[in-house]
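**Student:** Sending over a structure as structure tokens; questions will come in a sec.
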Amino acid sequence: MKKAIVDDRRAFGAEGEERAAAHLEATGWRLLARNVRAGGVELDLVAERRGMLAFVEVKSRRARAHGLPEEAVDAYKRARLVRGAAAWLATARPRARSVRFDVICCEQA
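In the working numbering, the protein residues as written are 1185 to 1293.
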């Protein structure tokens, strides 16, 4: 794959993550980590609000030609996210009472 295409995809993904982070903060979430590696897995965003900890996977798409963005979070990806979250929790030791997993989809119209 050509470097320009890879760089463009990374920039597009980073923009989606930035938009997702801004949305979370605007709705009262406090970001604890961004693009952190734990257990060999990259966690896009880790956020906390009122004792709830959310591990947020961000999916950005330019078009729906390849299906809905959230469909990319299949059983394999979910298992990896759980493994990464468990590793992050073991080292970060947050005081959250509950944990959840979210997917934020960013689509370009």
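No residue lacks a Cβ here, since even glycine has one placed at the ideal position from N, Cα and C.
Work out the CA separation of L1229 and A1280 for me, nearest whole Å.
**Tutor:** Numbered from its first residue, the sequence shown carries residue 1280 at position 96. Numbered from its first residue, the sequence shown carries residue 1229 at position 45. Their backbone Cα atoms lie some 15 Å apart in a straight line.
**Student:** For A1231, does the three-state DSSP call read helix, strand or coil?
**Tutor:** On the sequence shown, position 47 is the one that residue 1231 refers to. The answer is strand: DSSP assigns A1231 an E or B state.
**Student:** With a threshold of 16 other CB atoms inside 10 Å of the CB of R1245, please say whether the residue is buried or exposed.
**Tutor:** Numbered from its first residue, the sequence shown carries residue 1245 at position 61. Classification for R1245: buried.
**Student:** Could you compute how far the alpha carbon of A1210 sits from the alpha carbon of E1201?
**Tutor:** Position 26 of the sequence shown, counted from the start, is the residue given in the question as residue 1210. Position 17 of the sequence shown, counted from the start, is the residue given in the question as residue 1201. The alpha-carbon atoms of A1210 and E1201 are separated by roughly 14 Å.
**Student:** Out of R1203, A1198, T1275 and C1290, which one is the CA nearest neighbour of G1223?
**Tutor:** In the sequence shown, counting from the first residue as 1, residue 1223 sits at position 39. Of the candidates R1203, A1198, T1275 and C1290, the one whose C-alpha sits nearest the C-alpha of G1223 is T1275.
**Student:** Would you report the Cα separation of D1191 and E1199, rounded to the nearest angstrom?
**Tutor:** Your numbering for residue 1191 matches position 7 in the sequence shown. Your numbering for residue 1199 matches position 15 in the sequence shown. If you draw a straight line from the Cα of D1191 to the Cα of E1199, it is about 12 Å long.
**Student:** Can you tell me whether G1268 is buried or exposed, with buried defined as 16 or more other CB within 10 angstroms of its CB?
**Tutor:** Within the sequence shown, the letter at position 84 stands for residue 1268. The residue in question, G1268, is buried, as its Cβ has 16 or more Cβ neighbours within 10 Å.
**Student:** May I have the straight-line CA-CA distance separating L1215 from V1266, to the nearest angstrom?
**Tutor:** Position 31 of the sequence shown, counted from the first residue, corresponds to residue 1215. Position 82 of the sequence shown, counted from the first residue, corresponds to residue 1266. If you draw a straight line from the Cα of L1215 to the Cα of V1266, it comes to about 19 Å.
**Student:** Hey, R1264 and V1220: beta-carbon distance below 8 Å or not?
**Tutor:** To locate residue 1264, count along the sequence shown from 1; it is residue 80. To locate residue 1220, count along the sequence shown from 1; it is residue 36. No, these two residues do not count as a Cβ contact at 8 Å.
**Student:** Within its chain, find whatever has a CB closer than 8 Å to the CB of S1282; leave out the 5 residues flanking it on each side and keep chain order.
**Tutor:** On the sequence shown, position 98 is the one that residue 1282 refers to. Once the five neighbours on either side are set aside, the close Cβ partners of S1282 are G1235, M1236 and L1237.
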